[in-house]
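A.B. asks: Shown below is the structure under consideration.
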Amino acid sequence: MHLKSIIMTLGGIGIGLLLARGTTATANTHYLTGVKNHNFLITQRTLNLPKTKYKRALTIPKGTIVQAQGVSKINDKLTTHIYLNTLSYHLRHNYIGHGEGSTKNIALTTSNFKKVKVPQYVKYYSTQLTYADNIGVNYTADGNLYAGKQYPKETDLLSAKAARITVTSDGYLEYYANTKVFSTVVDPKPTTSVKITKVTGPADGKTNLYTKQPVPNTIGKRTSETGTAQYVTTIKRLYRTYATVTATARDKAETDSIDISAGYQVNGKSYFMYQAIFFPEG
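So that you can map any letter, position 150 of the sequence shown is 158 in my numbering, and since no number is skipped, the others follow by simple counting.
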């Protein structure tokens with residue numbers, strides 16, 4: 009079986025197991041309706057998620073913006089979980105080195121969450137795009153930008169490394185000087201993790217992310233000696249796409265899948281985002 013097909017199958021099994029372990033709620037609970045996968049929420053109180061047999065403890069402070077995943081109704085109770093790699097390092101660090109990729113299910117109640125608009129700092133890509141289940145296309149864009157022009161060929165995928173930039177749901181700009189392009193574990197400690205203090209754009213494809221703390225010269229520059237917006241990292245969307253074609257095992261002339269990369273520039277250097285995978289036989 010194709011490597012990416014195996015990973016997606018395992019991912020579906022994992023989500024099914026997660027949905028089997030919901031949180032409880034009282035009879036007076038008011039659930040937050042109209043929430044879909046990938047929607048953004050802000051915590052209305054500090055969420056203390058206790059350690060379980062399968063999950064480590066995690067605290068998410070009040071006022072933290074998170075992205076909903078695995079939204080489901082279990083025994084008439086709405087729940088969601090959160091992918092740990094969408095959170096900044098200072099929140100997810102206890103999970104590094106462990107196999108869990110997401111939090112336990114959290115009750116999707118009005119006392120826990122409030123739905124908010126897509127934050128401006130992640131508008132350099134489409135966070136809410138989905139495709140119909142029956143057209144053989146899976147949307148994979150998650151905000152991660154890798155140095156280079158396109159997704160590696162499958163023969164190079166497991167060994168491929170590159171510099172990486174991402175923006176977390178809670179508003180941190182994180183940079184990795186050298187990291188794996190393909191990974192199924194919680195992200196390691198980044199080279200840099202700084203709070204975004206100001207955003208301009210997107211305009212003409214450019215999103216400017218300002219921080220008070222320094223960023224490496226490879227991704228940004230200093231624009232002020234004082235204030236909360238001293239450094240800027242500019243992400244430019246090129247509106248160009250690149251295809252990485254993988255053949256089937258039985259026939260090298262037959263297409264198994266096509267990985268679609270979206271072209272970007274960061275500080276004038278080429279980056280790509282893994283945007284979608286297309287299975288022609290799907």
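Cβ atoms here follow ideal geometry from the backbone N, Cα and C, with glycine treated the same way. Everything numeric in this text was worked out from a predicted model, so none of it was measured.
1) Under a three-way DSSP split, which group does His-89 fall into?
2) Tell me the rounded alpha-carbon separation between Val-145 and Ser-265.
3) Does the count of Cβ pairs from the region 98–110 and the region 182–196 closer than 8 Å reach three?
4) Quick check on the DSSP output: what are the complete alpha helix (DSSP H) runs of length 4 or more inside the region 139–197, in order along the chain?
5) What residue ranges within the region 196–247 form continuous beta strand (DSSP E) runs of no fewer than 3 residues, ordered along the chain?
6) Starting from the C-beta of Ile-15, find all residues in its chain whose C-beta is less than 8 Å away, skip the five residues before and the five after it, and write them out in chain order.
7) CB Tyr-91 to CB Ser-110, shorter than 8 Å?
8) Closest to Ala-284 by C-alpha separation, out of Val-253, Ser-167, Gln-273 and Ala-257, would be which residue?
9) According to DSSP, what are the bridge partners of Leu-49?
10) What are the start and end residues of the alpha helix (DSSP H) that includes Tyr-97?
11) May I have the straight-line CA-CA distance separating Lys-229 from Glu-182, to the nearest angstrom?
12) Hey, Gly-271 and Lys-157: beta-carbon distance below 8 Å or not?
13) Using C-beta distances below 7 Å, list every residue in its chain close to Ala-33, excluding the 5 sequence neighbours before and after it, in chain order.
14) Taking the straight line between their C-alpha atoms, what separation do you get for Thr-87 and Ser-80?
15) Look up Ala-65 in the DSSP assignment and say whether it is helix, strand or coil.
16) Output the boundary residues of the beta strand (DSSP E) element that contains Asn-56.
17) What did DSSP end up calling Gln-128 once you bin it into helix, strand or coil?
18) When burial is assigned at 16 or more other CB atoms within 10 Å of the CB, is Lys-244 buried or exposed?
19) Just to confirm my understanding: we take Thr-67, look at its own chain, exclude 5 residues before and 5 after, and list those with CB closer than 6 Å. What are they?
20) Would you check if the distance between the CB atom of Thr-263 and the CB atom of Ala-255 is smaller than 8 Å?
21) How long is the line joining the alpha carbons of Glu-289 and Ile-143, rounded to whole angstroms?
C.D. replies: Well, looking at it:
1) strand
2) 10 Å
3) yes
4) 162–165
5) 200–211 and 214–219
6) Confidence is the limiting factor: at Ile-15 the pLDDT is only 47, short of 50, which leaves the residue's position unreliable and the question unanswerable from this model.
7) yes
8) Val-253
9) Val-74 and Lys-123
10) 97–100
11) 15 Å
12) yes
13) In this prediction, Ala-33 has a pLDDT of 45, which is less than 50 and means its spatial position is unreliable; what the coordinates show is noted afterwards. Contacts found: Lys-85, Ala-115 and Thr-117.
14) 6 Å
15) coil
16) 55–57
17) helix
18) buried
19) Asn-56
20) yes
21) 9 Å
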